[in-house]
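Note that full-length UniProt numbering has the sequence shown beginning at 1, numbered continuously upward.
Just so it is clear, CB atoms sit at the ideal spot from N, CA and C, and this is done for glycine as well.
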Amino acid sequence: MAARPADPADPAGPRGSTDPKDPADSAGPADRPAPGRAERRCLPLATAPGAVARSREFTRSALRAWGWLPGEDDRTRTAAEDVLLMTSELVTNACQHAAGPYALELTRHGPLLRVEVRDADDRPPTLSLHREAARPGGHGLLVVDRLSAAWGSEPVEGGGKTVWLEIVRPPAEP
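Take a look at the structure:
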């Protein structure tokens, strides 16, 4: 699956800067890591039961630590809820289509948050644009495609892949 690049000019796309090196983002000073420094958290999942629930709680904890939750306004809270939903979708896809995820990695650089789920399946995910609305399942990547600033899949050396998404924290409301 080719990545859908972030386009900051797209009105339906990300809010704020998509350049992780841009210090002029909208996050507050306490929310910014040192210039040029990303913050990363990793959750091993290879042998863990309840991967989706564990991933959501791990992500929720990171979002709290990084100031996305409880959030200073409705837009930040909504973006955080979107991150939790999309993380659940990526981990669920790895459970259903790739014999489970190996790891969940969250990386924050200023307002940009990247979520990565690694699994052992070499096949890239496919976005199905022609799903029956009444049919359950199969809509996860559509959700990710609509809510993320960008998403894609990359092969992992030695086998497997990383499916990733990016979302930009919205600027604080005036």
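Outcome for residue 122 when other beta-carbon atoms lying within 10 angstroms are tallied against a minimum of 16: Along the sequence shown, read from residue 1 onward, the residue named residue 122 stands at position 122. The residue is exposed, with fewer than 16 neighbouring Cβ atoms inside 10 Å.
Cβ separation of residue 83 and residue 45, assumed to be a contact under 8 Å, to the nearest whole Å: Walking along the sequence shown from the start, residue 83 turns up at place 83. Walking along the sequence shown from the start, residue 45 turns up at place 45. Residue 83 to residue 45, Cβ: 17 Å. No contact.
In three-state DSSP terms, what is residue 126? Taking the sequence shown and counting its residues from 1, one reaches residue 126 at position 126. It is coil, neither helix nor strand.
Taking residue 153 as the reference, give the member of 72, 69, 119 with the closest Cα. Translated into positions along the sequence shown, residue 153 becomes position 153. Among 72, 69, 119, the Cα nearest to that of residue 153 is on 119.
Straight-line gap, residue 75 to residue 102 (C-alpha atoms, nearest Å): The residue you call residue 75 lines up with position 75 of the sequence shown. The residue you call residue 102 lines up with position 102 of the sequence shown. Computed Cα separation, rounded: 31 Å.
Inter-stretch contact (C-beta, 8 Å, three-pair minimum) for the segment 46 to 62 and the segment 140 to 152: no
Give me the DSSP bridge partner(s) of residue 119. Counting from one through the sequence shown, the residue named residue 119 turns up at place 119. For residue 119, which the question treats as bridged, DSSP gives the partners 101, 161.
Chain-order list of residues whose beta-carbon lies under 7 Å from that of residue 78 (same chain, five-residue window excluded): Counting from 1 along the sequence shown, the entry for residue 78 is found at position 78. Hits under 7 Å: none found.
How many Å lie between residue 88 and residue 129 at the Cα? On the sequence shown, position 88 is the one that residue 88 refers to. On the sequence shown, position 129 is the one that residue 129 refers to. Rounded to whole angstroms, residue 88 to residue 129 spans 20 Å at the Cα level.
Distance between residue 117 and residue 169 (C-alpha atoms, nearest Å): Taking the sequence shown and counting its residues from 1, the one referred to as residue 169 is at position 169. Taking the sequence shown and counting its residues from 1, the one referred to as residue 117 is at position 117. One C-alpha to the other measures close to 20 Å.
Spell out the partners DSSP gives residue 42 in its beta bridges. Taking the sequence shown and counting its residues from 1, the one referred to as residue 42 is at position 42. Looking at the DSSP assignment, residue 42 forms a beta bridge with 105.
Would you mind reading off the limits of the alpha helix (DSSP H) that contains residue 48? Working through the sequence shown from its first residue, we reach residue 48 at position 48. Residue 48 -> no alpha helix (DSSP H), and no H or E assigned at all.
How big is the Cα-Cα spacing for residue 80 and residue 73? Mapped onto the sequence shown, residue 80 falls at position 80. Mapped onto the sequence shown, residue 73 falls at position 73. For residue 80 and residue 73, the distance between alpha carbons rounds to 11 Å.
Could you tell me the distance, in whole angstroms, from the CA atom of residue 166 to the CA atom of residue 160? The residue given as residue 166 occupies position 166 in the sequence shown. The residue given as residue 160 occupies position 160 in the sequence shown. One C-alpha to the other measures close to 20 Å.
When the Cα atoms are used, what is the spatial distance from residue 107 to residue 156? Taking the sequence shown and counting its residues from 1, the one referred to as residue 107 is at position 107. Taking the sequence shown and counting its residues from 1, the one referred to as residue 156 is at position 156. Between residue 107 and residue 156, the C-alpha separation is close to 18 Å.
Look at the alpha carbon of residue 51 and the alpha carbon of residue 125, and state the distance between them as a whole number of angstroms. Residue mapping note: residue 51 aligns to position 51 of the sequence shown, counting from 1. Residue mapping note: residue 125 aligns to position 125 of the sequence shown, counting from 1. So the alpha carbons of these two residues sit roughly 19 Å apart.
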